[in-house]
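Heads up, our numbering is the position in the sequence shown plus 570, with the first residue counted as 1. Heads up, the beta-carbon is just placed ideally off N, CA and C, and yes, glycines get one too. Taking it in order: structure first as structure tokens, then the write-up.
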Amino acid sequence: ILHCLCGVLTLTTVPTDVLAEIINTIGDIIRGNTENQRVLGPIKKTIVKVHKPTLFNLIYTMVADKKKLFQLRISILYCLQCYLYKNDFGKLMIIQTLLPQTENVANQTTLGHLLISGYLSNDNVASWCSGIALAHLINSNLEYKHELLKVVIAVNQSQTNIKTLMEISIDLLQNLSSSFHKRIATLIFLCTWLSNCSLAVQALISIENSISYLISQICIESSTNERELLIQSLCSFALGLCLLPSNNNPIQSYSTESFKQLINKRIGINLFQEKLRIISKSEFYIKALEKPQLKFLVSNEMIFDHEFAHLYETLQSSISNILIKQEIISTDNSFIVPT
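Listed below in structure tokens is the structure:
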């Protein structure tokens with residue numbers, strides 16, 4: 571059945587809405603099934619010029635074909651999520667295409683290149699889908715989170731100026747022209763990266779103004795704009811992840827205690843907790859938590875997905891408990907945010 575469904579994807583006469591449902595069905599079939607996941611690939615480090623893997627063609631449509639029906643592009647993201655679910659080999663093959671390559675390989679388009687181009691795109695659907703896909707690449711895998719710290723991207727055509735993927739992500743957040751959906755996807759990706767990864771926390775802190783940016787967003791006066799409130803809550807979650815014992819570091823500037831003092835002095839425990847809980851009250855979060863399949867009718871509903879909702883549900887209370895159970899001791903020594 572799976573081979574037949576994949577064969578239908580090559581037909582040009584299938585209505586787009588029907589194609590979207592077929593792709594959703596393929597996702598359901600391959601989710602967590604190693605043998606079936608191989609059918610969708612095989613993932614290769616470079617393009618096979620004559621016969622491109624099915625997954626490559628799907629992701630290309632998701633990130634590069636703005637004219638395609640919204641539901642079709644979302645169904646492709648769901649199918650990709652199902653492909654990556656419990657598929658460490660598939661994840662690794664894509665991550666390897668993101669790492670620095672030899673000149674010959676670097677000139678070829680890969681799945682990694684497609685996801686990065688989508689992540690940086692001004693198209694809301696492409697940027698949100700790609701950000702969520704990048705989060706799924708590293709979810710619950712410390713080794714892959716470390717590998718992603720090695721990813722660098724040229725920020726000009728001459729490729730003389732390069733930045734890390736995390737630096738690029740912070741730039742996207744601080745860019746006033748970045749859309750709500752781009753910021754949401756970027757924060758979800760960063761939160762996934764920071765969770766239980768002390769090296770990612772160190773990388774974040776080393777970026778100039780990164781922590782100051784998160785604090786400034788959290789401290790924005792109460793707004794009735796639900797979108798901005800969700801951004802503030804995600805910033806609280808990102809900063810809170812740096813508190814977790816798994817991210818504690820012997821270097822004083824990176825320690826749990828230092829972050830607790832920072833939150834207490836610059837934000838206030840009560841305000842931080844209030845902003846952190848906003849996500850839990852969102853109907854978009856509640857809906858995402860119910861099941862993995864993405865059921866968006868319009869692009870405005872692209873906010874949370876199931877894996878992030880599960881991550882938040884798992885760690886939000888741990889962050890709160892650290893701040894509630896342990897008294898913050900104020901000292902005369904002010905905390906200096908590393909730059």
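field: DSSP state of residue 794 mapped onto helix, strand, coil
entry: coil
field: Distance between residue 590 and residue 689 (C-alpha atoms, nearest Å)
entry: 22 Å
message: On a Cα-Cα basis, can you pick out the residue from 843, 596, 825 and 827 that is closest to residue 804?
response: Cα-wise, what sits closest to residue 804 is 843.
- request: Closer than 8 Å by C-beta to residue 868: which residues in its own chain qualify, once you throw out the five before and the five after it? Chain order, please.
  value: 640
query: Helix or strand or just coil, what does DSSP make of residue 833?
result: helix
task: Would you list, in sequence order, the uninterrupted beta strand (DSSP E) runs of no fewer than 3 residues that lie entirely inside the stretch 722-791?
output: 722-724 and 732-734
message: Please report the straight-line C-alpha distance between residue 662 and residue 714, rounded to a whole angstrom.
response: 7 Å
- prompt: Taking all protein chains shown into account, do 16 or more other C-beta atoms lie within 10 angstroms of the C-beta of residue 716, making it buried, or fewer, making it exposed?
  reply: Answer is exposed; the Cβ neighbour count stays below 16.
query: For residue 854 versus residue 878, is the C-beta distance shorter than 7 Å?
result: In this structure, residue 854 sits away from residue 878, with a CB-CB distance that is not shorter than 7 Å.
task: Under the assumption that residue 592 contacts residue 578 (Cβ atoms under 8 Å), give the Cβ distance between them as a whole number of angstroms.
output: 6 Å
task: Output the distance between the C-alpha atoms of residue 886 and residue 755, rounded to the nearest integer angstrom.
output: 18 Å
message: Can you give me the C-alpha to C-alpha distance between residue 834 and residue 827, rounded to a whole angstrom?
response: 11 Å
message: Quick check on DSSP: helix, strand or coil for residue 872?
response: coil
message: Let me check understanding here. Comparing Cα to Cα, which of 864, 768 and 793 lies closest to residue 594?
response: 864
field: For residue 604, the nearest candidate out of 691, 806, 583 and 659 (CA to CA)
entry: 659
- request: Could you tell me the distance, in whole angstroms, from the CA atom of residue 862 to the CA atom of residue 602?
  value: 12 Å
task: With DSSP as the reference, label residue 608 as helix, strand or coil.
output: helix
message: Between the alpha carbons of residue 910 and residue 648, how many angstroms are there, rounded?
response: Nothing can be reported for residue 910, as the shown portion of the chain is limited to 571 through 909.
- prompt: Cα-Cα, which of 810, 650 and 829 is closest to residue 888?
  reply: 810
Pick from 768, 650, 698 and 666 that is closest to residue 739, judged by C-alpha positions: 698
message: Going by DSSP in three states, residue 657 sits in which element: helix, strand or coil?
response: coil
- request: Can you give me the start and stop residues for the alpha helix (DSSP H) that residue 594 sits inside?
  value: 586-600
- prompt: Looking only at its own chain, which residues have a Cβ that is under 6 Å from the Cβ of residue 657, when we skip the five neighbours before and after it?
  reply: 607
- prompt: Under the rule that 16 or more other beta-carbon atoms within 10 Å means buried, what is residue 847, buried or exposed?
  reply: exposed
- prompt: Candidates 839, 871 and 753: which alpha carbon is nearest residue 852's?
  reply: 871
query: Does the distance from the C-beta atom of residue 806 to that of residue 830 stay below 7 Å?
result: no
query: residue 715 lies in the alpha helix (DSSP H); which residues open and close that run?
result: 712-718
message: Residues in the same chain with beta-carbon distance under 7 Å from residue 654, minus the five sequence neighbours each way, listed in chain order, please.
response: In chain order, 660, 661, 706 and 707 place their CB closer than 7 Å to the CB of residue 654, counting only its own chain and leaving out the 5 sequence neighbours on each side.
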